[in-house]
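The structure appears right after this line, and notes come after that.
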Ligand SMILES: Cc1ncc(COP(=O)(O)O)c(C=O)c1O
Ligand SMILES: Cc1ncc(COP(=O)(O)O)c(C=O)c1O
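Protein chains in written order, with our numbering: chain H, 12 to 144; chain Z, 12 to 144; chain L, 2 to 387; chain Y, 2 to 387.
The structure is reproduced here in structure tokens:
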């Protein structure tokens, strides 16, 4: 049912867990559908994602796509991260069963949500700093 | 499907064929239903069925019931022959499949038809003799 | 006793090679294909493989094959499914008078439910023509269902031509190919077939497994509702060994088909030529040339089919008959009657259906036994005055 | 890798003794039971024998058993059959919210066709009461269909009491006993059951064979129309090896049933008692005592079913889940939701179903592995803050 790659990422998830000092966090999905993904990123001053972590409630494909997505955005700029498509995640995992494609969509959305959150925080911070000045 | 007895009567039919000098003949059934039985009897002056023969177009059960019926009436009086029931034929054959019971009914009817024919011939003969006198 | 099996149209022997292929799925690999675990996925892979084998045999795609329990279920699913699904478009169905009961009785049930069915008559050889179909198609016709080859007399219908006509007219075309699959070359695409029924035990596969081919794009309601098996088109835990056996059997059946058929036709034709020389007043039923390679069907005048079968059986020969007596009903074969035979002649028919394993010896044995049987029974018959 | 199969509610291993019984019918004895010749009659006798074995197992008569392709077909035949046959009497059907999809989807199809269906709710244990049924019966109720035991949570319904009520009220009573036959003692007469569905592969018989018991006197239209097989109640060439296997399997399953069940219940209860000690925040689903001897079903909070299954599978343990993710749909098990579980908890369920062959070792292995799996997955879960 699952490719070797998916099973590998499920058994040995990369970047699993909350990271320290994250400045972007996104959570997508809901328990009703059986999948919740939480993504943490720490973006440095150059706009590069220095560190990333995830937590996932969901099926094997949900875990594997989260794990793969974190790998694919780590060390990339936030702009590049926003370009991450679910299709790219599926390809990197050497395919997913048709009924599991929605998991990769969720992973894409989680990344976007984390980046959005980072942008929001930056804007807030900037506004706060401007206020201070 | 068939009892040993039925198979025996099918393979070695008793009293098969037209007999000589018969004085009663009955033919029942029709080709549409797939069964035609013809029964020949020779009744002596004491009213005893001296000889009997049959011809049958039909299934294995039709042949076996005809054969058995001839055995059961041979040497009997015509009155006794009229008492022959299909159930008795079935019993003597050690049973028939339910869908084949109608064959035994046909055998009973063939005997009756032959006896009827005999009675008719006798009546005609008597009338002819009376006319002569 | 020498035993000769000439009832291959009724069912065939499961061949050892097919059984071998099934064995793992009746022993270690017993998972439910719907289960995502190891045991289940082993089964799922086997089902996928078999689906491809079946698809390849008729030039279909794997996802156009729905596995089910046999030919009857396939016929019911196709006809009832189209009737339900397209009731709004129309309620007229065209079929023939010589279909298998799985088609005929389904159509009769639909007639009771407000559908109209045209039963095309056949000629003396059991054949319908494309023109008959053309004339019968109406604006409210939703389905044409015509068998590929007749199970009793072996007549092969003009399927590609009928398929082409149906597609011109925009009418769905189903064919009951239970007697044809594994016996004749079939290409559902080239032949314009929308739905096709098959049954594994007719081509040396296991009993209790069949399939319905449904062309992509046609969506039918299931006959059996329940789980999501077969992509929601047929519920019920898959008969994995049966499906695996069907896949292997169809592959084997289609290998060297022409060569096997040539051999079988030679034996078939030996019976067809020799029997009339040895038994006077007999008549070949079915088409002289457009005929299944394995089918021989004769009416032997003055005698009745079941007693012929029984006497053949007592001599070790298994054959079949269109006689009513074999089925317990009163009317003889609707196929023979539709071909214009009288009841009397229809009752006296014998069908002998060969397979790849039938030997010349078997045929010679029949040529020796059947004439004796006919003679013996004719002596008993009140209709015979030979 | 050690492999432990705990998915016996999905399907069971065909046991060698049953396979042995089937082998002759997949080799020499291949005739069609409808054929009157030697080859056919050999098969017919085997089918008759199996029919008696199945009848004996539930205290029915042989001619009350209709063989078919499985439990789904049996459910469809019973429910659709009663609906069609008794439409004039009424169009109301009573069932439960926790039936198998073979029942539920059939009922939903009927709803689209003008029938009214009452889906009785269940309590937190998945149980319905006789009083609920009594209150639901109306003058136009034609059928009550309630499963004998639930396939997901193992809850055993009060069947004899419901049967008695139905008979008092003059309403037909069908029970889907697919999970109960061969697992619990059943007496259709004493339990007032009119129709009962079963499936051979759930009690170590072959896949692709099932049966419907229909009490004498009840006449249903067939689901599959065609030949006169099964006394005109189910068309299609009989799956002879399947039927033979079903007969043998049911006989074996019912032998020493109590003893086997006692053993299985001890192992079941070991899991039920030990797992909560080793995994905090888990919840047993289903009835604590009125429960199939082989069923264990837990919800493990904060984690999702498919990933539990997958990780168990990677450790050699085959289990099942009520999670939507195993089926590809979005909603989790309708059974767990009907019992009042939240989506989140319902998604995190694991079903382990034992069989006679399950060993103490197997159970200990699960007790070792499952807590580790739960811990690992909880660490990954955004819902867990342990
Ligand atoms: C309660 C219940 N009913 C019906 C079925 C359907 O049986 P089958 O898959 O053999 O058609 C099953 C099993 O899948 C079941 O557990
Ligand atoms: C032409 C035809 N259609 C349908 C069937 C039904 O197939 P099955 O008995 O496998 O259901 C048969 C065989 O019995 C057949 O010969």
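For glycine and all other residues, C-beta sits at the position ideal for the given N, C-alpha and C.
Since this is a predicted model, take the numbers as computed values, not measurements.
Same chain only: Cβ atoms within 7 angstroms of residue i, ignoring 5 sequence neighbours per side
| i | result |
| --- | --- |
| residue 387(L) | 379 |
| residue 115(Y) | 92 |
| residue 129(Y) | 97, 121, 123, 147, 158 |
| residue 190(Y) | 60 |
Any non-hydrogen atom of ligand 2 within 7 angstroms of residue i CB
| i | result |
| --- | --- |
| residue 179(L) | yes |
| residue 288(L) | no |
| residue 243(L) | no |
| residue 200(L) | yes |
| residue 106(L) | no |
| residue 103(L) | yes |
Near ligand 1: residue i beta-carbon under 7 angstroms from a heavy atom
| i | result |
| --- | --- |
| residue 206(Y) | no |
| residue 188(L) | no |
| residue 247(Y) | no |
| residue 130(H) | no |
| residue 211(Y) | yes |
| residue 183(Y) | no |
| residue 41(L) | no |
| residue 240(Y) | no |
The alpha helix (DSSP H) enclosing residue i, as first and last residue numbers
| i | result |
| --- | --- |
| residue 54(L) | 39–58 |
| residue 259(L) | 258–279 |
| residue 380(L) | 361–381 |
| residue 110(Y) | 102–113 |
| residue 115(Z) | 112–143 |
| residue 137(L) | 131–137 |
| residue 93(Z) | 89–94 |
| residue 338(L) | 335–339 |
Cβ-based neighbour list, residue i, same chain, cut-off 6 angstroms, excluding 5 preceding and 5 following
| i | result |
| --- | --- |
| residue 73(Z) | 46, 67, 114 |
| residue 188(L) | 60 |
| residue 111(H) | 72 |
| residue 82(Y) | 221, 222 |
| residue 217(Y) | 65 |
| residue 38(Z) | 49 |
| residue 228(Y) | 236 |
| residue 339(Y) | 98, 99, 123 |
| residue 284(Y) | 300 |
| residue 1(L) | Residue 1(L) lies beyond the range of chain L shown here (2 to 387); nothing can be said about it. |
Cβ-Cβ distance between residue i and residue j below 8 angstroms
| i | j | result |
| --- | --- | --- |
| residue 71(H) | residue 311(Y) | yes |
| residue 346(L) | residue 302(L) | yes |
| residue 3(Y) | residue 323(Y) | no |
| residue 231(Y) | residue 40(Y) | no |
| residue 249(L) | residue 85(L) | no |
| residue 77(Z) | residue 121(Z) | yes |
| residue 36(H) | residue 65(H) | no |
| residue 211(Y) | residue 44(Y) | no |
| residue 125(Z) | residue 100(Z) | no |
| residue 101(Y) | residue 33(Y) | no |
Cross-strand partners of residue i (DSSP beta bridge)
| i | result |
| --- | --- |
| residue 142(L) | 93(L) |
| residue 188(L) | The partner list for residue 188(L) (beta bridge, DSSP) is empty, contrary to what the question assumes. |
| residue 149(Y) | In the DSSP output, where bridge partners are listed per residue, residue 149(Y) has none listed. |
| residue 53(Z) | 62(Z) |
First and last residue of the uninterrupted beta strand (DSSP E) at residue i
| i | result |
| --- | --- |
| residue 118(Y) | 117–121 |
| residue 77(L) | Here residue 77(L) belongs to no beta strand (DSSP E); instead the alpha helix (DSSP H) covers 72–86. |
| residue 283(L) | 283–285 |
| residue 351(L) | 350–354 |
| residue 248(Y) | First-last for residue 248(Y): 241–255, but that is the alpha helix (DSSP H), not the beta strand (DSSP E). |
| residue 200(L) | 196–200 |
Proximal residues to residue i (C-beta, below 8 angstroms), its chain only, five neighbours per side dropped
| i | result |
| --- | --- |
| residue 118(L) | 93, 94, 95, 96, 108, 109, 111, 112 |
| residue 202(Y) | 12, 13, 15, 71, 208, 209, 210 |
| residue 275(Y) | 368 |
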